[in-house]
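Here's the structure, in structure tokens; my notes come after.
In the working numbering, the protein residues as written are 1 to 524.
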């Protein structure tokens, strides 16, 4: 059984007085500064080399950039790439995108600048939240700072092997929105549950319920861990007040999840949504019983925590154990269900908790401060090297594929012309490289983009649009609406009204009129 609140508080105080009192809050400040320095490397280097920072750092994060850009312009998350899909149902959570869009709009900050600031501030905030969680358990400021560093500068397992080629990966929380923003909301919910666990009263319970309920509007990898863990904490508690208020928090969260459950039921009966899920396995309906990436290290974390729990009592480990125990069946559910859910994404919310668990183990082992400090220094230095290498790799990729990685640098005047001379939501047909990121920088939609497949649209429409763009079509062979042609070959397409031409950028924008019977919404 878990200790009662009074016992937990007394143990917290006992742990804090000999260690935390002698420690300094400067350790936490130093950890945050170290994280900010490491994550600033990919921001500072391009400023030194080129005088600016390119907004796109990783290809697979462009989908989040497009979604936030659409919301900033008053659009929806139906399908920000394709015209006529504003009212489509959505199955991907949009809570984080809406919060970031509202923040950027409220601060009147352009999206590219907001993205740059977020890449730096989010890791620092995650470090602070992890340290705050460790401090709540009575761990010293030094160990709490170490937990914050472990969570933010530890590399992914795939980064431990040197790959001379490939796209840059950077450290985990440098990626825009996912997972950084999601993890921040998750850690706030964990802190709220911890507060309710330590101080079982109405207010902590209500706040914990609201915070956990908000995670149901994040991807499954977050709420599938925290809500069952909160229920487990309730069931394992020996204190009646603790059980009552944890149960109340879990009930509030479950009520807040009703709209999500209702939308999921409707999506399950929508054939177009099901087509989308199968062609782009976002909730991962693909069959597979093979253990997925990141399961082994997470399982080792569970074994380590279980071993320490059997050896010596530890309040932070007792609180964290249910999170990892809950994660094990979820991580390995594909063995029974034969359905993959991309279990490796669970490392994003679990890594910060594992970092707190690790420093709690250090405390139980009475590990001297110097080895822990050395570990933090090595990880921080390794993180700095990783960021430098990835930024150098991106710099080389920009030279090879400028339209893929840095559209504003290649055609700034062309993007400005599209924004000023075309109507919002108008459809632009261009090369695949340009169409993939164009909706980030202008108010236009595009004829096709790879990530449009991940939003709800019929298979027939997606396949037709993809085939159209692959076949280098002429206007009369297109099946869907096109308003403008954007060419980057230096030649203007014939048969239309040229509204912009830039010899230096080698671009030309031509107004055309393609509006077939299947245009706008496509065949349903």
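By construction, the Cβ of each residue, glycine as well, lies at the ideal position given by its N, Cα and C atoms. The model shown is predicted, which means the values in this text are computed figures rather than measured ones.
Residue range 482 to 487 is occupied by the beta strand (DSSP E) that includes residue 484, with no alpha helix (DSSP H) assigned at that position.
The alpha-carbon separation between residue 197 and residue 339 amounts to approximately 34 angstroms.
The way I'd put it, the stretch 80 to 87 doesn't touch the stretch 184 to 201; fewer than three beta-carbon pairs between them come closer than 8 angstroms. Burial check for residue 400: the Cβ neighbour count within 10 Å stays below 16, so the residue is exposed. The bridge partners DSSP lists for residue 446 are 428.
Rounded to whole angstroms, the Cβ separation of residue 376 and residue 149 is 5 angstroms, and the two are in contact under 8 angstroms. Shortest Cα-Cα distance from residue 40 to any of 490, 92, 115 involves 115.
Put simply, of 86, 270, 112 the residue whose alpha carbon is nearest the alpha carbon of residue 74 is 86.
Rounded to whole angstroms, the gap between the alpha carbons of residue 190 and residue 59 is 31 angstroms. DSSP, read as helix, strand or coil, puts residue 127 in helix. Taking a contact to require three or more Cβ pairs closer than 8 angstroms, the stretch 208 to 216 and the stretch 242 to 257 qualify as touching. Between residue 184 and residue 125, the beta carbon gap of about 6 angstroms places them in contact (Cβ cut-off 8 angstroms).
Residue 393 carries a helical assignment under DSSP once its states are collapsed to helix, strand and coil. The C-alpha of residue 428 is placed about 12 angstroms away from the C-alpha of residue 508. Residue range 202 to 215 is occupied by the alpha helix (DSSP H) that includes residue 202. Here the C-alpha atom of residue 467 lies approximately 21 angstroms from the C-alpha atom of residue 439. DSSP places residue 364 in the uninterrupted alpha helix (DSSP H) bounded by 347 to 364. Take the alpha-carbon of residue 140 and the one of residue 270: they are about 52 angstroms apart. Here the C-alpha atom of residue 268 lies approximately 11 angstroms from the C-alpha atom of residue 89. Under the three-state reduction of DSSP output, residue 25 falls in the coil class, being neither helix nor strand.
In this structure, residue 168 places its C-beta atom within 8 angstroms of the C-beta atom of residue 390.
Remark: C-beta atoms of residue 432 and residue 474 do not approach each other more closely than 8 angstroms.
Assignment of residue 492 by DSSP, reduced to helix, strand and coil, places it in the coil class. Judged by DSSP in its simplified three-state form, residue 172 adopts helix.
No residue range can be given for residue 406, since it is assigned to no alpha helix (DSSP H) and is classified by DSSP as neither H nor E. In terms of CA proximity to residue 174, 119 leads the group 119, 146, 202, 224.
Of the residues 97, 52, 42, the one whose Cα lies closest to the Cα of residue 63 is 97. The distance from the Cβ of residue 323 to that of residue 221 is about 12 angstroms, inconsistent with a contact at the 8 angstroms cut-off. In this model, residue 352 and residue 133 are separated by some 10 angstroms (Cα to Cα). Cβ-Cβ distances below 6 angstroms link residue 455 to 79 in the same chain, with the five nearest sequence neighbours on each side left out; the list follows chain order.
Counting every other CB atom within 10 Å of its CB across the protein chains shown gives residue 84 a total of 16 or more, marking it as buried.
Collapsing the DSSP output to three states places residue 113 in a helix.
The Cβ atoms of residue 500 and residue 442 do not sit closer than 8 angstroms to each other. The Cβ atoms of residue 485 and residue 444 do not sit closer than 8 angstroms to each other. The DSSP-derived three-state label of residue 332 is coil. Every unbroken stretch of the alpha helix (DSSP H) spanning 4 or more residues and falling wholly within the stretch 49 to 74 is given here in chain order: 62 to 72.
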